[in-house]
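There are 2 protein chains.
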Amino acid sequence: MALLDTVVMRGLSSQGALSNEDKAFLLELELSPRHMSASEVLWLENGHADLFCVVKEGWGYSYRNLKNGSKQILKFYLPGDIIGIRDFGFTRRLASAAMINDGVIYPFSYQQLFELFGRSSLAVGIMATAMRQQALLSERLVYLGKYAAHEQLAHFLYEIYLRLKRIGAVEDNSFLMPLTQELIGDALGMSPVHVSRTFSMLREEGLVIRDRQRVKLPDPEALARLVEFNDSYIDEFLPHAFSELLRATP
Amino acid sequence: MALLDTVVMRGLSSQGALSNEDKAFLLELELSPRHMSASEVLWLENGHADLFCVVKEGWGYSYRNLKNGSKQILKFYLPGDIIGIRDFGFTRRLASAAMINDGVIYPFSYQQLFELFGRSSLAVGIMATAMRQQALLSERLVYLGKYAAHEQLAHFLYEIYLRLKRIGAVEDNSFLMPLTQELIGDALGMSPVHVSRTFSMLREEGLVIRDRQRVKLPDPEALARLVEFNDSYIDEFLPHAFSELLRATP
DNA sequence: TCGCTCACTTAACATAGGTTATGGATAGTG
DNA sequence: CACTATCCATAACCTATGTTAAGTGAGCGA
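See below:
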């Protein structure tokens with residue numbers, strides 16, 4: 003049951019990739035199942051991230067609450083799915099999760115997951131990188147789903163700005179962006195014409211100045227407020243969580 | 003350089019989480035850098051997935067070509083980003099990748115990545131699970147970006163159908179779906195009213211029959227054709243790639 | 001210098017999908 | 001058996017964005 007019942011693990015198992023030792027370890031991880039009732043919340047956005055769950059019965063979903071009162075659902079979880087590895091590598095939850103109908107889940111701590119990696123901080127680093135990438139993807143999804151063009155573009159520019167800043171490629175709030183408006187349109191799911199319109203709009207509001215590939219954000223914070231940018235997913239120094247763990251386990 | 007220069011690894015390193023042994027290992031992985039010219043393709047969708055890259059200079063992006071001739075960009079890669087772990091766990095590429103301007107990349111084989119995991123097939127399984135989840139997310143993103151409501155809904159239903167079929171919850175092309183149209187709307191980024199409209203449309207075309215929570219797809223393949231469903235990302239038994247590796251490394 | 005191409009801007013028009021509203025079926029509850 | 005709360009269907013209307021088109025300016029090669 004539990005982890006062994008997961009789609010991927012069943013696959014590994016059926017192909018003889020799992021040793022008896024592996025299986026024993028998995029079974030040892032087995033915790034007491036938890037019975038959940040319909041629409042019960044597993045965790046909330048920004049809550050402390052310390053565990054993930056295998057869904058045994060029932061449907062669940064993860065979602066983000068949006069400023070306009072609606073929500074964007076990131077994924078529905080069916081029996082056999084793992085819910086919550088999305089946040090592995092972060093200290094706080096990037097999204098809320100709840101049940102849809104009654105069900106049963108098996109919780110596992112990230113600590114256990116960490117031990118699975120044999121305390122190799124390299125492997126953990128790779129995993130964290132992957133998770134961070136997924137976080138970016140989720141964030142984009144949220145914006146594609148429910149936000150207007152100018153909010154999407156503002157969000158996009160601010161994300162690029164932050165990412166470039168981390169690697170020291172921003173100077174005086176200005177950076178080089180070698181993208182055509184067509185490429186940006188392909189990323190944001192809007193027509194190149196509308197990208198241009200939207201840039202004009204942001205320019206008129208004094209939020210973005212652009213000359214060819216040079217982009218300047220006169221007031222980055224204003225942009226961030228416009229889109230209520232949640233920078234935890236990009237700015238958090240992921241390894242924090244891991245270095246804690248590394249210290250905890252000799 | 004190379005992997006050590008990656009955002010996450012730098013973070014680990016600065017916090018003393020990386021032992022000298024770890025660092026030596028990373029340096030050992032160093033391969034000859036590859037100079038890329040503008041718009042040069044790294045790999046194409048469906049190509050064999052065997053390596054990932056660290057971007058040293060230049061910008062790159064990953065994208066999916068759509069049936070209507072346009073493309074959806076999944077992510078832009080800046081210097082220091084890792085490009086291609088998305089496909090770790092799959093035998094074929096889920097998306098194409100190309101450079102935007104001239105640049106330099108460092109390639110690494112999945113084989114090396116695998117060894118990082120200390121040959122623990124459990125850890126690899128967790129990683130694969132996470133990657134599969136990300137693949138689902140990317141697929142949804144593609145649909146949110148560029149497809150019309152009826153295509154999105156058809157795609158959504160077919161995905162649920164496949165996922166339920168894997169766990170034996172489909173009988174006679176019919177399954178239980180405990181979702182309200184409001185929830186579906188929140189997932190697909192459309193209003194509940196339009197979800198209803200779209201269901202009516204699909205019903206009139208004989209593609210979907212629904213009574214309360216009971217959903218029946220009289221001709222699943224017709225649905226799949228409508229959305230040109232690429233089931234490799236959901237149906238492929240990921241562990242294949244790993245069991246090959248496991249066999250290859252004693 | 002001329003002329004070509006490419007990226008962008010702006011405008012006019014078309015439409016998919018949002019919004020608001022109303023009514024009908026079903027399930028739950030006292 | 002009412003009474004109510006959901007969920008869903010359909011309609012009328014509105015708006016953001018797509019589409020098509022025409023014009024501008026920068027870069028670049030002949």
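Here the protein sequences line up with chains A and B, keeping their order.
Residue numbering for the first sequence follows the working numbering, beginning at 3 and increasing consecutively.
Residue numbering for the second sequence follows the working numbering, beginning at 3 and increasing consecutively.
Virtual Cβ for every residue (Gly too), placed ideally from N, Cα, C.
Got a sec? Which residues, its chain only, sit under 7 angstroms from residue i by beta carbon, not counting five neighbours each side?
{"i": "A:Leu53", "result": "Gly86, Pro109, Phe110, Ser111 and Tyr112"}
{"i": "A:Gly49", "result": "Arg94 and Arg95"}
{"i": "A:Trp45", "result": "Arg95, Ser98 and Ala99"}
{"i": "B:Ser193", "result": "Gly187"}
{"i": "A:Ala171", "result": "Phe177"}
{"i": "A:Phe27", "result": "none"}
{"i": "A:Glu59", "result": "Pro81, Gly105 and Val106"}
{"i": "A:Lys73", "result": "Tyr65, Arg66 and Asn67"}
Determine, using beta carbons only, whether residue i and residue j come nearer to each other than 7 angstroms.
{"i": "A:Ser64", "j": "A:Ala99", "result": "yes"}
{"i": "B:Ile107", "j": "B:Trp61", "result": "no"}
{"i": "B:His157", "j": "B:Val229", "result": "yes"}
{"i": "B:Ile211", "j": "A:Ala189", "result": "no"}
{"i": "B:Gly191", "j": "A:Lys167", "result": "no"}
{"i": "A:Ile162", "j": "B:Thr131", "result": "no"}
{"i": "A:Gly105", "j": "B:Ile169", "result": "no"}
{"i": "A:Gly187", "j": "A:Val197", "result": "yes"}
{"i": "A:Leu143", "j": "B:Leu155", "result": "no"}
{"i": "B:Leu118", "j": "A:Leu124", "result": "yes"}
{"i": "B:Pro180", "j": "B:Gln135", "result": "no"}
Considering only residues of the same chain and omitting the five flanking positions on each side of residue i, which have a CB-CB separation below 6 angstroms?
{"i": "B:Asn22", "result": "none"}
{"i": "B:Phe244", "result": "Only weak support exists for where B:Phe244 lies, its pLDDT of 47 falling under 50; the value from the coordinates is given anyway. So the qualifying residues of the chain are Val126."}
{"i": "B:Asn232", "result": "none"}
{"i": "B:Leu204", "result": "Val210"}
{"i": "B:Ser176", "result": "Lys218"}
{"i": "B:Arg165", "result": "none"}
{"i": "A:Thr200", "result": "Ala151, His152 and Leu155"}
{"i": "A:Pro35", "result": "Val106 and Tyr108"}
{"i": "A:Met3", "result": "Bear in mind that a pLDDT of 46 at A:Met3, under 50, signals an unreliable position, so the number given afterwards is only what the model happens to contain. Nothing listed; no residue qualifies."}
{"i": "A:Arg249", "result": "Caution is warranted here: a pLDDT of 47 is assigned to A:Arg249, below 50, making its placement in the model unreliable, and the coordinate value is therefore given only provisionally. The answer is none, since no qualifying residue turns up."}
{"i": "B:His37", "result": "Val106"}
{"i": "A:Ser202", "result": "none"}
Among the residues of its own chain, which have a CB less than 8 angstroms from the CB of residue i, if the five just before and after it don't count?
{"i": "A:Leu80", "result": "Val57 and Trp61"}
{"i": "B:Leu185", "result": "none"}
{"i": "A:Asn70", "result": "Lys148"}
{"i": "B:Leu115", "result": "Phe54, Ile87 and Phe90"}
{"i": "A:Pro252", "result": "Reliability fails at A:Pro252, whose pLDDT of 37 lies under 50, so the model's placement of it is uncertain and no value is given."}
{"i": "A:Ile128", "result": "none"}
Return the Cβ separation of residue i and residue j in integer angstroms, given the expectation that the two are a contact with Cβ distance under 8 angstroms.
{"i": "B:Leu139", "j": "A:Lys77", "result": "7 angstroms"}
{"i": "A:Asn285", "j": "A:Glu47", "result": "Because chain A is modelled from 3 through 252, residue 285 of chain A falls outside the range shown and cannot be assessed."}
{"i": "B:Leu89", "j": "B:Ala150", "result": "It is Asp, not Leu, that sits at residue 89 of chain B in the sequence shown. No, B:Asp89 and B:Ala150 are not in contact; Cβ-Cβ is about 28 angstroms, not under 8 angstroms."}
{"i": "A:Leu146", "j": "B:Leu146", "result": "4 angstroms"}
{"i": "A:Pro220", "j": "A:Tyr160", "result": "Not quite, the Cβ-Cβ distance comes to about 13 angstroms (not below 8 angstroms), so this is no contact."}
Residues from the stretch 57 to 80 of chain A in contact with chain B, defined by Cβ distance under 9 angstroms: Gly60, Trp61, Tyr63, Tyr65, Ser72, Lys73, Gln74, Ile75, Leu76, Lys77, Phe78 and Leu80
Residues from the stretch 141 to 154 of chain B in contact with chain A, defined by Cβ distance under 8 angstroms: Arg142, Leu143, Leu146, Gly147 and Lys148: these are the residues of the stretch 141 to 154 of chain B whose beta carbon lies less than 8 angstroms from some beta carbon of chain A, given in chain order.
Contact residues within the stretch 98 to 109 of chain B, judged by C-beta distance below 9 angstroms to chain A: Ile102 and Asn103
Contact list for the stretch 166 to 183 of chain B against chain A, Cβ threshold 8 angstroms: So the list reads Leu166, Arg168, Ile169, Ala171, Pro180 and Leu181, given in the order they occur along the chain.
Under 9 angstroms (Cβ pairs) to chain B, residues found in the stretch 126 to 138 of chain A: Val126, Gly127, Ile128, Met129, Ala130, Thr131, Ala132, Met133, Arg134, Gln135, Gln136 and Leu138
Interface residues of the stretch 223 to 234 of chain B facing chain A [CB-CB below 8 angstroms]: Answer set for the stretch 223 to 234 of chain B: empty.
The stretch 186 to 215 of chain A: positions lying closer than 7 angstroms to chain B by Cβ: Across the stretch 186 to 215 of chain A, CB contacts with chain B closer than 7 angstroms involve Asp188, Ala189 and Gly191, in sequence order along the chain.
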